[in-house]
Amino acid sequence: MRKKIVFIPLPAVMLFMLAACWNYREVNEMAVVVGAAVDKGVENQYILTVELLDVSGGAQTQVSTKVLSVEGETVFDAVRKLISVEGKRGYWGHTRILIVSEEVAREDIIEAISFFRQDAEARGDLYVMVSKEYDAREILNSDIPLGDVLSESLAKSLENSKFLSETPETRLYTLNQALRSGKISPALPVVTLLSMDDKTVPVLSGAAIFQKSRMIGYLDEEETKAMLFLKNEIEGGVLVTKIGTGRISLEIKGNNTKTRIKTEDDQLMLDITVQTKAVINEVTGNPEFSYMEMLDGIKRLSEEQLKSKLEKIIDKARYYRADIFGFGQKIYEDNPAKWYEISDNYEAEFANIAVNLTVTVEIPNTSIIFKHLELGE
Amino acid sequence: MMVMQKGKRERRTARKIIKLGDKRECREEAKRTNDLTKSLEENIKILKDKFVNDSTVIFRRFQNRYLPRVKCCIVFIEGMIDFKHINMQIIEPLMEQDLRDLSTSCNLLEDIKNKVLPVNDVEESDDLERILQSICYGDTIFLLDGYDTALLVESKGWEVRAITEPESGKVIRGPREGFTEHIIKNISLIRRKIKNPNLKFKFMQLGKQTNTAICITYIEGIALESVLVELEQRLNRIDIDGILDSGYIQELISDAPLSTFPTVGYTERPDVVVARILEGRIAVIVDGSPFVLTVPHILVENIQVSEDYYDHFIFGSFNRFVRAVASIFTISIPAIYLALVTYHQEMIPTQLLVSLSASLEGVPLPTSLSLIIMLLIFDILREAGARMPTAVGQTVNIVGTLVLGQAAVEAHLVSAPVIIVTAISGITTLIVPSLIESLVLLRFILLILSSILGLYGYFIGIILIYLHLMSIRSFGVPYMMSITRFRNHDGQDAWIRAPWWTMTLRPKIIGAKNLVRQISNRR
Numbered sequence: 001m002r003k004k005i006v007f008i009p010l011p012a013v014m015l016f017m018l019a020a021c022w023n024y025r026e027v028n029e030m031a032v033v034v035g036a037a038v039d040k041g042v043e044n045q046y047i048l049t050v051e052l053l054d055v056s057g058g059a060q061t062q063v064s065t066k067v068l069s070v071e072g073e074t075v076f077d078a079v080r081k082l083i084s085v086e087g088k089r090g091y092w093g094h095t096r097i098l099i100v101s102e103e104v105a106r107e108d109i110i111e112a113i114s115f116f117r118q119d120a121e122a123r124g125d126l127y128v129m130v131s132k133e134y135d136a137r138e139i140l141n142s143d144i145p146l147g148d149v150l151s152e153s154l155a156k157s158l159e160n161s162k163f164l165s166e167t168p169e170t171r172l173y174t175l176n177q178a179l180r181s182g183k184i185s186p187a188l189p190v191v192t193l194l195s196m197d198d199k200t201v202p203v204l205s206g207a208a209i210f211q212k213s214r215m216i217g218y219l220d221e222e223e224t225k226a227m228l229f230l231k232n233e234i235e236g237g238v239l240v241t242k243i244g245t246g247r248i249s250l251e252i253k254g255n256n257t258k259t260r261i262k263t264e265d266d267q268l269m270l271d272i273t274v275q276t277k278a279v280i281n282e283v284t285g286n287p288e289f290s291y292m293e294m295l296d297g298i299k300r301l302s303e304e305q306l307k308s309k310l311e312k313i314i315d316k317a318r319y320y321r322a323d324i325f326g327f328g329q330k331i332y333e334d335n336p337a338k339w340y341e342i343s344d345n346y347e348a349e350f351a352n353i354a355v356n357l358t359v360t361v362e363i364p365n366t367s368i369i370f371k372h373l374e375l376g377e
Numbered sequence: 001m002m003v004m005q006k007g008k009r010e011r012r013t014a015r016k017i018i019k020l021g022d023k024r025e026c027r028e029e030a031k032r033t034n035d036l037t038k039s040l041e042e043n044i045k046i047l048k049d050k051f052v053n054d055s056t057v058i059f060r061r062f063q064n065r066y067l068p069r070v071k072c073c074i075v076f077i078e079g080m081i082d083f084k085h086i087n088m089q090i091i092e093p094l095m096e097q098d099l100r101d102l103s104t105s106c107n108l109l110e111d112i113k114n115k116v117l118p119v120n121d122v123e124e125s126d127d128l129e130r131i132l133q134s135i136c137y138g139d140t141i142f143l144l145d146g147y148d149t150a151l152l153v154e155s156k157g158w159e160v161r162a163i164t165e166p167e168s169g170k171v172i173r174g175p176r177e178g179f180t181e182h183i184i185k186n187i188s189l190i191r192r193k194i195k196n197p198n199l200k201f202k203f204m205q206l207g208k209q210t211n212t213a214i215c216i217t218y219i220e221g222i223a224l225e226s227v228l229v230e231l232e233q234r235l236n237r238i239d240i241d242g243i244l245d246s247g248y249i250q251e252l253i254s255d256a257p258l259s260t261f262p263t264v265g266y267t268e269r270p271d272v273v274v275a276r277i278l279e280g281r282i283a284v285i286v287d288g289s290p291f292v293l294t295v296p297h298i299l300v301e302n303i304q305v306s307e308d309y310y311d312h313f314i315f316g317s318f319n320r321f322v323r324a325v326a327s328i329f330t331i332s333i334p335a336i337y338l339a340l341v342t343y344h345q346e347m348i349p350t351q352l353l354v355s356l357s358a359s360l361e362g363v364p365l366p367t368s369l370s371l372i373i374m375l376l377i378f379d380i381l382r383e384a385g386a387r388m389p390t391a392v393g394q395t396v397n398i399v400g401t402l403v404l405g406q407a408a409v410e411a412h413l414v415s416a417p418v419i420i421v422t423a424i425s426g427i428t429t430l431i432v433p434s435l436i437e438s439l440v441l442l443r444f445i446l447l448i449l450s451s452i453l454g455l456y457g458y459f460i461g462i463i464l465i466y467l468h469l470m471s472i473r474s475f476g477v478p479y480m481m482s483i484t485r486f487r488n489h490d491g492q493d494a495w496i497r498a499p500w501w502t503m504t505l506r507p508k509i510i511g512a513k514n515l516v517r518q519i520s521n522r523r
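Sequence lines, in order, name chains A and B.
Sequence positions in the first sequence follow this note's numbering and run 1 to 377.
Sequence positions in the second sequence follow this note's numbering and run 1 to 523.
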């Protein structure tokens, strides 16, 4: 019995030791970091810019943010130096976005993101993006289009980008996976500044593509959409088809892209079928088609135009030798042996891989008011 | 608050109470030394010696009109008897009636008992101890010169509270009568609901000084004998000097007296007692207490309310679910709030975190301390409200809500979420009245645990509570019965209240002796 009593406090003691690094901390004692930006430093290696919540209590809660910049040898060095500036320890559990400047991204993005990957507080689901033309800290310092917190509104617009399909919605953990596996080149959303009246607001535009961990180029919105088609990540968006001078907007209702690997005479071949469901949403110009003909024509034209866009983006990726579509992953899943065979020289292999594209656009239901509005006489 | 009903006097037979007396009485029978003598004067002297310094004991001597040589005396205690009854039924016939034709008989006392006294309960006794007890219980002793036995004449009558709706356990639908402090009245409330000779009432007396009457009630053929034997053993083991409320007995016969969870049930409502008796439980009625005990008592009974059974079963089940969730909430909400705010900020949605940190801005006390203080203040208010007269109680309410709620937040002494958490936790405590004793304490224990270890601490606490509940039993019945399993008819009356036509069986173990409640009534 005495032995038993000795063992009772043991689990309690162990619990204290196993519970890792955490502590009693009041909410108002911490500086909540909602967004961060990493730039190349002038004197030191990096400049870390953070957007902090600045909450004032009282009868009405008022939320505003403060943006601070600190230089440091490493990102974490800068993080710790922040304490001397803001007086409180930063809290990274609610960080929504991380903006990396083009300069840093072109050099090596791993250096910039490793703190966020390894820190206990930072979340894996924060959005990582690349700033184009401007420094990352300038983005955080810009005006807020809507709401009180810039990082929050940027994260929201990325969350909703699936209805637009013009930016890849990339979170930290997908970036980590892509970097670690080497079977897919990461593509990050690009953020830049746009002048509107008297405001300068951040906007998302296209994607930055990487080879390994180095950024090598940009994709514009159309190219990004084409890339998402091939990655089977399209959930919505608009497909504009040209008919002569007219334009027809198709709203994408669903898409299914299948990639099959064929090996012919030891030669890899990709068989990609893109099946898109769309509905006609807007017709401009005055295309002279009868109903059935028009529907058929729109379908055929859309397929042609989409296919050419897809071919273009594949060519561009080949040019950069960056497998942004994840073909490497598909090959590995389908034929691991083959993957190990080619993995050493995959960039070159990717540039020569044969792709057989089949595009079908289905227009399952059309509205009766498909015709262009005609002025009365 | 006791509402005395004036003018109305209660007289009920309680002969059994004394007849079925406990073993102590038998022991004293052997060493009877100061028995009555044949002389009236000496007998009076003996009784007066016994009741020396007690001027409420009245000795009334009188003689028969027609037979003055017959001297007699009645002894009773003022306040315990019904004057009218003594005047009309005892003194008047003995004085006025012509006893001459009786005087020839060899045993006048016997004749008086059989032919003169128009009282329903008259007993002859020569045991002094027994006589003294009867006097104390409100009987009138009739002493006749020349006889060494006395007549114990029923004459009880004292002020009792009328049957009112119980303060605890009010219902919207269902019978509104509640037990009173009068044991016989309480028994009649039960008897009126179960008109069945199998309903048994076993009397005994507990309390060496108070001689409190106690009644064990059960239905023969449904109640488990083993529980009955165990209960009687535990009651017989009680050797306390006084029993002022059933709470004494509850604590003395409890299986887990150190646990704050009640392992002996109590209720003020006769319909609840009857329902429990019908399920195979045994009730203990204690004189002087409107709370009737029932055993075995399991955890789920705390969230069962009589109204569940009178309302539609879906509504009843919903209400019961609300009660169960509320009692879990009341201990959890302060602890979880504290753990989230001070340890696991990553689990709070960003928007909520923003408004939380805004409300915490400028508050001097740490969250843990302010929670503990506010909960303590709530308990102070609760305790004050319970003891205060109703008029003052309102003042307490206003001061409590206005000063502590609003002003404290505006003065930045505590944050608004802490007040909200305290309020939710406080209100939910009151939903299950019989568990208040446990929940109030557990709430603080969990709060302290989670202020040391965050959610880990909270879950350690929850696991310990669960283990504790699983480990205790009430009269051999596992305390968590019906809660942890849903198989067969286990869960029919726990988290939900099944429709009556499906509850064909009594609860397991408790009703095992006569499991079938009704033949399938399926519609």
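For every residue, glycine included, the Cβ atom is placed at its ideal position computed from N, Cα and C.
Straight-line Cα distance separating L278 (chain B) from P296 (chain B): Going from the Cα of P296 (chain B) to the Cα of L278 (chain B) covers about 13 Å.
T170 (chain A) versus L188 (chain A): straight-line alpha-carbon distance, rounded: Computed Cα separation, rounded: 6 Å.
Buried or exposed by the 16-neighbour rule on C-beta atoms within 10 Å, applied to I519 (chain B): It counts as exposed.
Nearest-angstrom beta carbon gap, V190 (chain A) and A136 (chain A) [assumed within contact, 8 Å]: About 12 Å; that fails the 8 Å criterion.
In chain order, each beta strand (DSSP E) run of at least 3 residues that lies wholly inside the region 58-136 of chain B: Whole beta strand (DSSP E) segments, 3+ residues: 71-77 and 122-125.
Among B:V325, B:I377, B:A423 and B:S289, nearest to L244 (chain B) - alpha-carbon criterion: When only C-alpha atoms are compared, the closest one is B:S289.
Stretch pair the region 90-98 of chain A + the region 381-395 of chain B: three plus CB contacts closer than 8 Å: Touching, no.
Run of the alpha helix (DSSP H) containing E51 (chain A), from where it starts to where it stops: Per DSSP, E51 (chain A) belongs to no alpha helix (DSSP H); it is in the beta strand (DSSP E), Y46 to S56.
Any non-hydrogen atom of the ligand COA within 7 Å of I463 (chain B) CB: The ligand COA is absent from the structure shown, which contains no ligands of any kind.
Contact set between V274 (chain A) and chain B, taken where Cβ atoms lie within less than 7 Å: Taking the beta carbon of V274 (chain A) as reference, no residue of chain B falls within 7 Å; the closest one sits roughly 37 Å away.
Chain A contacts made by the region 328-361 of chain B, where a contact means CB separation under 7 Å: From the region 328-361 of chain B, only V341, T342, Y343, Q345, E346, T350, L353, V354, S355, L356, S357, A358, S359, L360 and E361 have a Cβ closer than 7 Å to chain A.
Contact set between the region 362-373 of chain B and chain A, restricted to residues whose Cβ is under 9 Å from the partner: Correct list: G362, V363, P366, T367 and S368.
Length of the line joining the Cα atoms of Q329 (chain A) and L219 (chain A): CA-to-CA, the gap between Q329 (chain A) and L219 (chain A) works out to about 21 Å.
Nearest residue (CA-CA) to E154 (chain B), options B:R487, B:R60, B:D111 and B:F83: Checking every option, the nearest Cα to that of E154 (chain B) belongs to B:F83.
Residues near L199 (chain B) by beta carbon distance below 6 Å, same chain, minus five either side: So the list reads I219, once near-sequence residues are dropped.
Identity of the residue in B:I131, B:P364, B:V292 and B:C106 nearest E181 (chain B) by Cα: Of the candidates B:I131, B:P364, B:V292 and B:C106, the one whose C-alpha sits nearest the C-alpha of E181 (chain B) is B:V292.
Any 3 or more C-beta pairs closer than 8 Å across the region 103-110 of chain A and the region 152-172 of chain A: Touching, no, given that fewer than three Cβ pairs across the two stretches are closer than 8 Å.
Interface flag, Y127 (chain A) vs chain B, CB-CB below 8 Å: It does not: the Cβ of Y127 (chain A) has no partner Cβ on chain B nearer than 8 Å.
Proximity winner among B:I472, B:I238, B:Q209 and B:L40, relative to L299 (chain B) (alpha-carbon distances): Nearest option by C-alpha distance: B:I472.
Same chain only: Cβ atoms within 6 Å of L206 (chain B), ignoring 5 sequence neighbours per side: Around L206 (chain B), the same chain offers T212, I214, I238 and I243 as residues with beta carbons nearer than 6 Å, after the five sequence neighbours per side are excluded.
Per-residue DSSP class, three states only, for A423 (chain B): Under the three-state reduction of DSSP, A423 (chain B) is assigned to helix.
Anticipated Cβ contact below 8 Å, V279 (chain A) with E303 (chain A), distance rounded: Contact flag wrong, Cβ pair sits at about 15 Å.
Interface partners of N28 (chain A) on chain B, CB under 7 Å: Chain B residues near N28 (chain A): S357, L360 and E361.
S357 (chain B) and V27 (chain A) closer than 8 Å at C-beta: A contact, by the Cβ cut-off of 8 Å.
Within 8 Å, strictly: CB atoms of E511 (chain B) and I222 (chain B): Note that residue 511 (chain B) is Gly in the sequence shown, not Glu. For G511 (chain B) and I222 (chain B), yes; Cβs fall inside 8 Å.
Bounding residues of the beta strand (DSSP E) (the contiguous stretch that carries S114 (chain A)): It is not in any beta strand (DSSP E) - S114 (chain A) instead sits in the alpha helix (DSSP H) that spans I109 to Q118.
In DSSP terms, what F210 (chain A) is bridged to: Paired residue(s): A:M215.
Buried/exposed call for T224 (chain A), threshold 16 Cβ in 10 Å: By the Cβ neighbour-count rule, T224 (chain A) is buried, with 16 or more other Cβ atoms within 10 Å of its own.
Burial state of V399 (chain B) (16 or more Cβ within 10 Å): Flag for V399 (chain B) reads exposed.
Close Cβ partners of L52 (chain A) (< 8 Å) along its chain, the five nearest in sequence each way excluded: Sequence-distant partners of L52 (chain A) (beyond 5 residues in either direction) whose C-beta falls short of 8 Å from its own C-beta, in its chain, are A31, V32, V33, V34, T65, K66, V67, L68, E86 and G90.
I58 (chain B) and E78 (chain B) closer than 8 Å at C-beta: Going by C-beta atoms, I58 (chain B) is nearer than 8 Å to E78 (chain B).
Inter-residue spacing [alpha-carbon to alpha-carbon] between G280 (chain B) and A324 (chain B): Between G280 (chain B) and A324 (chain B), the C-alpha separation is close to 24 Å.
Under 8 Å between C-beta atoms of F179 (chain B) and E96 (chain B): In this structure, E96 (chain B) does not lie closer than 8 Å to F179 (chain B) by Cβ.
8 Å Cβ cutoff, R106 (chain A) in contact with chain B: At a cut-off of 8 Å between C-beta atoms, R106 (chain A) does not count as an interface residue with respect to chain B.
Boundaries (first-last residue) of the alpha helix (DSSP H) holding I336 (chain B): Looking at the DSSP string, the run of the alpha helix (DSSP H) that includes I336 (chain B) is F313 to T342.
Buried versus exposed call for Y466 (chain B) [16 or more other C-beta atoms within 10 Å across all chains shown]: Burial call: exposed.
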